[in-house]
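Please read the structure below before turning to the comments.
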Amino acid sequence: MQVYLPIAEMSVNALLVLGMGGLVGFLSGMFGVGGGFLMTPLLIFIGVPPAVAVGTQANQLVAASVSGVLAHWRRGNVDVKLGVVMLIGGVIGTALGVWIFGVLQRLGQIDIAISLSYVFFLGTIGGMMMLESARAIIRRRAPTAKRGKLHRHIWLHGLPFKMRFHRSKLYISALLPAGIGVVGGILVAIMGIGGGFLLVPAMIYLLNMPAGLVAGTSLFQIIFTTAAATLLQAATNHTVDAMLALLLLVGGVIGAQFGTRIGSRIPGEQARLMLATIVVAVALKLAWDLFAPPLDVHSLTMGVV
Amino acid sequence: MRVPRLGAGRLWVARGLGGVAGLALAGVLAVTLATTVWAQQLVADLSSHLIAITTGFTGTEVVLFGTTDGAGDVAIVVTGPKMPALVRRKERVLGMWMNTRTVHFSQAPSFYSVATSRPLDQIVSRTLLERQQIGVPQLTLAPQDSALDSREQAEFREALIRNKQRAGVYTPTTGTVSFLGDRLFRTNLYFPANVPTGLYNVEALLIRNGEVVSAQTTPLVVSKIGFSAEVYDMARHRPITYGVLAVLGAVAAGWTAGAAFRRV
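These protein sequence lines are chains A and B, in that order.
For the first sequence, position 272 matches number 271 in numbering that gives the first Met the number 0, and the numbering has no gaps at all.
For the second sequence, position 262 matches number 261 in numbering that gives the first Met the number 0, and the numbering has no gaps at all.
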């Protein structure tokens, strides 16, 4: 069944897109990640213009994070105050990112910028996760102690504007969560991902937040950064395809439900190793595309850019 | 649009039926058409003047048919709306392939296809092809960048054509116009799913002894219709509203999904 995408201006097989949404939703439910980092490259792979893929993905992520945050909210795992401070930074970062996106688009460098940021972030995070989970599996026999969280004091904790976050039992500079938010926002705008894979470790290691609150709080602020990204991309770059977002959403929601159930049966380290393998594979594929000679060294853009 | 003339009524009937492409019927009409259309050496029309891009659009065919006042060759040239184009060239930078050069073309047809009754080079001379801009190689595509040398001009022009052909919107091969008898001709014009929207010109040329003796231009509109058109219009003209609706829709969808699967 073919469906015409009005903004991407192309016709795609609806079942294929639903299936992609389902697969990515399945993986995101299984591993508890947003899945944007898989979806954007997949969309580009089937021929959706990178700019539209990124803009639409932001829209889809709004829905994914809303449905994800509900479960955390019910269990009281959201630190709203910290989330709000983060999202102030997040919205600033998004605006900055959308602006950078537009500039790069006009310069003709957006595709390579998207690929490079993917290779860099996915390669780094994926590699680290892979090492860490491999080590954890080797040490399997050891008692299932949580990863040792060191409450170290580094220069970051000496920043001004200290604020008390009761829910997380933290007394830290507001600049820290806001700064993390800014980075997350830029990622949403340029890469079309929620940025959870970067926010979660940053919140654990830089903010020393209680692990139970991290996922809910990061999802909470991702709702707002992705919403801001959708709005700004739609308003300035015209790159949000509501039709495509709808298809991805339906597939993603269904896939996520199955993924969550399967995921609960897989041991944590193994799940992390699998996820890390996928992340690294995507990074390697994109890196390969950057260095391999292209099919055609010339490309064409019609209309005023 | 077509000027009212003798036989226009019958042509109109034929236009309605052309979509159904009843060959037998066309044959019957051919007899009547041939006797009534005296004044014009060439008359042609399309089975439809509107290509509607709906949500289920996967490309379409439009039948062009017409009649001549005697033997001769027919060439059909379909040109999409002209618009600016940017051609970029990648080069290796630190081992990566990166866009390093951009060339602007101010007026490039967004769509172009040709159909003829015989291979082009057999019916007209090269000069005529160039004068009338028949055939992809003959298209006038001049880069705006005056600093380009002629070799680079040719390179970017070819790149534009190659990319357009790969996208299927510059047809690399010449389609065939088939004659039914001496006078009645028809051809199927194919438009792919990614056909650019806008006002198209469909030009029918009658060629005798290597010269164009008669020509007729028919408009064709390619337009988004229905839901996809509304989405596109809103995204273009009321982008803020569109963005707000997209966000609200996503929030509603996510909320519904989260609530629906709560018990499962």
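No residue lacks a Cβ here, since even glycine has one placed at the ideal position from N, Cα and C.
Only a predicted model underlies this, so the values are computations on that prediction, with no experimental measurement involved.
- In the three-state reduction of the DSSP assignment, residue 38 of chain A falls in the helix class, which pools H, G and I.
- For residue 122 of chain B, the closest alpha carbon among the candidates B:205, B:236 and B:228 is that of B:205.
- For residue 188 of chain A, the nearest beta carbon of chain B is not closer than 8 Å to its own beta carbon.
- For residue 81 of chain B, the uninterrupted beta strand (DSSP E) segment begins and ends at 81-92.
- Sequence-distant partners of residue 62 of chain A (beyond 5 residues in either direction) whose C-beta falls short of 6 Å from its own C-beta, in its chain, are 248.
- The beta carbon of residue 219 of chain A lies closer than 6 Å to those of 68, 77 and 82 in the same chain, with the five residues before and after it left out.
- The alpha-carbon of residue 108 of chain A is positioned some 9 Å away from that of residue 102 of chain A.
- Counting only runs of at least 3 residues, the stretch 41-83 of chain B fully encloses the following beta strand (DSSP E) elements, listed from N- to C-terminal order: 41-45, 49-52, 58-67 and 72-78.
- The beta carbon of residue 65 of chain B does not come within 8 Å of any beta carbon belonging to chain A, so the residue lies off that interface.
- At least one beta carbon of chain B lies nearer than 8 Å to the beta carbon of residue 111 of chain A.
- For residue 117 of chain A, there is no enclosing beta strand (DSSP E); the residue is found in the alpha helix (DSSP H) stretching over 109-137.
- Within the stretch 144-208 of chain B, the beta strand (DSSP E) runs of at least 3 residues that lie entirely inside it are, in chain order, 177-179, 183-191 and 197-207.
- Neighbours of residue 79 of chain B in chain A, taken as residues at a C-beta separation under 7 Å, are lacking, since the least C-beta distance is about 10 Å.
- Not a single C-beta of chain B is nearer than 8 Å to the C-beta of residue 76 of chain A.
- For residue 6 of chain A, the chain B residues whose C-beta falls within less than 8 Å of its own C-beta are 230, 231 and 234, listed in chain order.
- Taking a beta-carbon distance threshold of 8 Å, residue 193 of chain B counts as an interface residue toward chain A.
- Interface annotation, residue 115 of chain B: not in contact with chain A, CB-CB separation never under 8 Å.
- Nearest neighbour of residue 252 of chain A by Cα position, chosen from B:200, B:197, B:51 and B:260, turns out to be B:260.
- Contact annotation for residue 238 of chain B against chain A: 233, 234 and 237 [CB-CB distance below 7 Å, chain order].
- Here DSSP, grouped into helix, strand and coil, assigns residue 19 of chain A to helix.
- Residue environment analysis places residue 55 of chain B among the exposed positions, since fewer than 16 neighbouring C-beta atoms fall within 10 angstroms of its C-beta.
- For residue 218 of chain B, the enclosing beta strand (DSSP E) covers residues 210-223.
- Counting along the chain, no alpha helix (DSSP H) covers residue 110 of chain B, and no H or E run does either.
- Within the stretch 152-208 of chain A, the complete alpha helix (DSSP H) runs of at least 4 residues fall at 174-190 and 195-204.
- Restricting attention to A:262, A:20 and A:192, the CA atom closest to the CA of residue 30 of chain A is found in A:262.
- About 6 Å separates the beta carbon of residue 140 of chain B from that of residue 107 of chain B, a gap short enough to meet the 8 Å contact definition.
- Neighbourhood of residue 290 of chain A in chain B, by CB distance below 8 Å: 94, 95 and 96, in chain order.
- With fewer than 16 neighbouring CB atoms inside 10 Å of its own CB, residue 295 of chain A falls in the exposed class.
- The closest CA to that of residue 13 of chain A, considering only A:244, A:203, A:118 and A:116, is found on A:244.
- Contact annotation for residue 51 of chain B against chain A: no contact, minimum CB-CB distance about 11 Å [criterion: below 8 Å].
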